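>
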Amino acid sequence: MRKGAPPKSAREHVLAAEKRFVAAGLVFGHGTDNARDEAVFLVFDALSLPFNSNDTALDRALTGPENLAVSRLIDKRIESRKPAAYLTHHMRFAGHDFYVDERVLVPRSPIAELINSEFHPWLDVQTVKRVLEIGTGSGCIAIATALALPHATVDAIDISPDALIVAELNRTRFAQVSHRVRFIEADLFPTSNERYDLIVTNPPYVPSDECEQLPAEYLHEPRLALDAGADGLTLVRRIVAGAAKHLNAGGHLIIDVGEMAPVVDSEISTVNFTWVDLLHGGAGIGVAGRNDFM
Ligand SMILES: C[S@@+](CC[C@H](N)C(=O)[O-])C[C@H]1O[C@@H](n2cnc3c(N)ncnc32)[C@H](O)[C@@H]1O
Numbered sequence: 002m003r004k005g006a007p008p009k010s011a012r013e014h015v016l017a018a019e020k021r022f023v024a025a026g027l028v029f030g031h032g033t034d035n036a037r038d039e040a041v042f043l044v045f046d047a048l049s050l051p052f053n054s055n056d057t058a059l060d061r062a063l064t065g066p067e068n069l070a071v072s073r074l075i076d077k078r079i080e081s082r083k084p085a086a087y088l089t090h091h092m093r094f095a096g097h098d099f100y101v102d103e104r105v106l107v108p109r110s111p112i113a114e115l116i117n118s119e120f121h122p123w124l125d126v127q128t129v130k131r132v133l134e135i136g137t138g139s140g141c142i143a144i145a146t147a148l149a150l151p152h153a154t155v156d157a158i159d160i161s162p163d164a165l166i167v168a169e170l171n172r173t174r175f176a177q178v179s180h181r182v183r184f185i186e187a188d189l190f191p192t193s194n195e196r197y198d199l200i201v202t203n204p205p206y207v208p209s210d211e212c213e214q215l216p217a218e219y220l221h222e223p224r225l226a227l228d229a230g231a232d233g234l235t236l237v238r239r240i241v242a243g244a245a246k247h248l249n250a251g252g253h254l255i256i257d258v259g260e261m262a263p264v265v266d267s268e269i270s271t272v273n274f275t276w277v278d279l280l281h282g283g284a285g286i287g288v289a290g291r292n293d294f295m
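Numbering (our numbering), first residue to last: 2 to 295.
Structure follows, in structure tokens:
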């Protein structure tokens, strides 16, 4: 417990934590984008409050053990500089709660918005039968896609055996779709010539030298999930080169390349991406149909 009178309510904890986060120069970007929201996320977690609790939940006076639990979690966030999700071991993605730890990237891709809209207008939810996810990490995109597309089976690939352990934990957690999701250890694509109606991917796209400069929070994430070689396009180029032969006629590639979208457009001329207008923030989701590949 820090010196001085302990805060009495969750709201006081949130306000105090917000000030301390700003003073400590914490960086956000793993599910929240500001100190207030990060403080709310951690205080709610320490008190086991549902994420959608109404505002009055913040005004209840806390017990001694609750005060201590909240203070410890806030202190840990500041001292460790770990993303909050690595302290709480869960993160919401596309409306579902996934287990996460330092073996996987913290889920945050705006692909969630497309999943929530059942990939409208790009796909017809009734006709998508086979999906490939490349670089699955925690399995969040694969599992959320299976939940959104009831007729689809999803093959999800990662090169990291550690990440696949976490993905399997999440597959167990979402038992209702576990029979439609298969995790595979491979280098980007399946070794067979299987074809899919949708290939979806949030690959690494950070240039190696930028990885060195990332704020401390990002350095807790697996380097393999971020580092994409000298120009950040090593994985994207390989995915574009290999995608067409794994797509069915009428199939689509959906790729999250974040702020690299303009670079992808100028450097990769073998595909015509349409860049999605996202309603809920973020940028850099490209969509290409089978016919958009040269
Ligand atoms: C940016 S993370 C995305 C994780 C998850 N899909 C998400 O959106 O939260 C990229 C993932 O690609 C995996 N990866 C990196 N190189 C790979 C490769 N050559 N083949 C397959 N997966 C790879 C990493 O291990 C990591 O899990």
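Idealized CB from N, CA, C, for every residue including glycine. Predicted model only: the values in this text are computed from it and were never measured.
At the level of alpha carbons, what is the spacing between Gly26 and Gly290?
Spanning the two alpha carbons is a distance of roughly 43 Å.
> To the nearest angstrom, how far is the alpha carbon of Leu199 from that of Asn68?
C-alpha separation (whole angstroms): 48 Å.
> Roughly how many angstroms lie between the CA atoms of Ala47 and Phe294, to the nearest whole one?
Approximately 49 Å, taken between the alpha carbons.
> On a Cα-Cα basis, can you pick out the residue from Ser81, Ala113, Arg181 and Arg104 that is closest to Gly96?
The residue with the shortest Cα to Cα distance from Gly96 is Ala113.
> Go ahead and pull the three-state DSSP assignment for Trp227.
Per the sequence presented here, residue 227 reads as Leu, with Trp not at that position. It is coil, neither helix nor strand.
> Gly138: buried (16+ other C-beta within 10 angstroms of its C-beta) or exposed?
Classification of Gly138: buried, given that the 10 Å Cβ count is 16 or more.
> For Ala40 versus Glu19, is the C-beta spacing smaller than 8 Å?
Yes, Cβ-Cβ distance for Ala40 and Glu19 is below 8 Å.
> Does the beta-carbon distance from Tyr206 to Gly233 come in below 8 Å?
Contact: yes.
> Could you check the C-alpha separation between Met261 and Ile135 for me, to the nearest Å?
The straight-line gap from Cα to Cα measures roughly 18 Å.
> For Arg183, which three-state DSSP category applies?
It is a strand residue.
> What does the Cβ neighbour count give for Ser49, buried or exposed, with the cut at 16 atoms within 10 Å?
Burial call: exposed.
> If I follow the unbroken beta strand (DSSP E) through Glu19, where does it start and stop?
Segment Ala11 to Ala25 is the alpha helix (DSSP H) holding Glu19; no beta strand (DSSP E) there.
> With distances taken Cα to Cα, identify the nearest neighbour of Ala85 among Gly32, Pro51 and Gly282.
Comparing Cα-Cα distances from Ala85 to each of Gly32, Pro51 and Gly282, the minimum goes to Gly32.
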